[in-house]
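> Below is a structure I'd like to ask you about.
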Amino acid sequence: MHNRVLLRTPTPYEDESLAGYLIRLNESNYYSSPKWILQLAGLHINCRIPLTNSLYEPSTLSQVIQVSDEQLKVMASLPNQLVGDVNSQQYAIYKYAKKLCPHCLTESAYCRKIWDWDLVTACYIHQCVLMKQCSSCHKNIQWSRPAVTRCRCGFDFRTGLAQTATFHQVNLSAYLSSLEKSLATVQISRD
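If you're matching positions, the sequence shown starts at 0 in numbering that gives the first Met the number 0 and goes up one per residue.
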């Protein structure tokens, strides 16, 4: 058993992304960057994160953040798993190209799993284009940031102005969201 665990481990939201959950854990535990959590688990950014060690032992990440490997897999599920060409034992966290909806963050401060999907460019709930850049420093939104709602420059994403999405962007995002919910249901029923 791994002896390093986080002091605070809030329960993940049903539709929360693994990368977003690590940001939220970072904030809850007063770290300056979620990279610290990966380091506690012996992992690094910009590489694939193993979600299981073996059939008999939980992954180191699971042990550090106190979330089961099964839950990690659900949080890490992406649409390419629908066609089965991905190794479901690994998850990649990338430094750049994170997207978010300022309105969703205002309602509840966590990162939705659907935002990690490449094809999703809009929030179908608020019918706005997902923000990819900070409105203040104009840099791409990074995964390694101090808080779910704040850029590294200090800007609060919840105050950002999002553009209105097109009809097609909204419909595609709504359709993919329904697929994501189906995928999570299938994943849970398999486990």
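Ideal placement from N, C-alpha and C gives every residue a C-beta, glycine not left out. If you're wondering where the values come from, they're calculated on a predicted model, not measured in any experiment.
Can you say whether VAL4 is buried or exposed, counting buried as having 16 or more other CB atoms within 10 angstroms of its CB?
The residue given as residue 4 occupies position 5 in the sequence shown. VAL4 should be labelled exposed.
> Apart from the five residues on each side of it in sequence, which residues of its chain come closer than 6 Å, Cβ to Cβ, to SER134?
Walking along the sequence shown from the start, residue 134 turns up at place 135. Excluding positions up to five away in sequence, the list reads GLY159.
> Is DSSP giving ASP190 helix, strand or coil here?
Taking the sequence shown and counting its residues from 1, the one referred to as residue 190 is at position 191. With a pLDDT of 48 at ASP190, under the threshold of 50, the modelled position of this residue cannot be trusted, and the question is left open.
> With a threshold of 6 Å on Cβ separation, who are the neighbours of TYR12 within its own chain once the five nearest residues in sequence on each side are excluded?
Working through the sequence shown from its first residue, we reach residue 12 at position 13. Contacts found: TYR109.
> Is it the case that the Cβ atoms of ASN28 and ALA146 are separated by a distance below 9 Å?
Your numbering for residue 28 matches position 29 in the sequence shown. Your numbering for residue 146 matches position 147 in the sequence shown. Their beta carbons are not under 9 Å apart, which means ASN28 does not touch ALA146 by this criterion.
> Quick check: what's the CA-CA separation for CYS127 versus TRP116?
As a first step, residue 127 must be located in the sequence shown, where it is residue number 128. As a first step, residue 116 must be located in the sequence shown, where it is residue number 117. Spanning the two alpha carbons is a distance of roughly 16 Å.
> I'd like the ranges of any beta strand (DSSP E) spanning at least 3 consecutive residues and lying wholly in the region 90-142.
Segments of the beta strand (DSSP E) lying fully in the region 90-142: there are none.
> Could you check if THR10 is buried or exposed, using at least 16 other CB atoms within 10 Å of its CB as the buried criterion?
Reading the sequence shown from its first residue, position 11 is the one you call residue 10. Under this definition THR10 is an exposed residue.
> Count the other CB atoms within 10 Å of the CB of GLN62; is the residue buried (16 or more) or exposed (fewer)?
Translated into the one-based positions of the sequence shown, residue 62 becomes position 63. Counting Cβ neighbours within 10 Å, GLN62 comes out buried, since at least 16 surround it.
> Helix, strand or coil: how does DSSP classify PRO57 here?
Against the sequence shown, residue 57 aligns to sequence position 58. Looking at PRO57 - three-state DSSP - the assignment turns out to be coil, as it is neither helix nor strand.
> Check this for me: beta carbons of LYS97 and TRP114, under 9 Å apart or not?
Residue numbering aside, residue 97 sits at position 98 when the sequence shown is read from its first letter. Residue numbering aside, residue 114 sits at position 115 when the sequence shown is read from its first letter. Result yes, Cβ atoms of LYS97 and TRP114 sit closer than 9 Å.
> Answer with buried or exposed for LYS131, where buried requires no fewer than 16 other C-beta atoms within 10 angstroms of its C-beta.
Taking the sequence shown and counting its residues from 1, one reaches residue 131 at position 132. By the neighbour-count rule (16 or more Cβ atoms within 10 Å), LYS131 is not buried but exposed.
> Among all the DSSP beta bridges, which residues are the ones paired with GLU26?
Stepping through the sequence shown from its first residue, residue 26 is reached at position 27. For GLU26, which the question treats as bridged, DSSP gives no partner whatsoever.
> In the DSSP assignment, the alpha helix (DSSP H) including ALA75 goes from what residue to what residue?
To locate residue 75, count along the sequence shown from 1; it is residue 76. Looking at the DSSP string, the run of the alpha helix (DSSP H) that includes ALA75 is 68-75.
> The alpha helix (DSSP H) with LEU39 in it runs from where to where?
As a first step, residue 39 must be located in the sequence shown, where it is residue number 40. Element bounds for LEU39: 34-39.
> How would you label PRO166, buried or exposed, when you count the other beta carbons within 10 angstroms and need 16 or more for buried?
If you number the sequence shown from 1, residue 166 lands on position 167. Note that residue 166 is Phe in the sequence shown here, rather than Pro. Per the 10 Å Cβ criterion, exposed.
> CA-CA distance, ALA164 and SER143?
For the purposes of this step, residue 164 is identified with residue 165 of the sequence shown, where counting begins at 1. For the purposes of this step, residue 143 is identified with residue 144 of the sequence shown, where counting begins at 1. ALA164 and SER143: Cα-Cα distance of roughly 27 Å.
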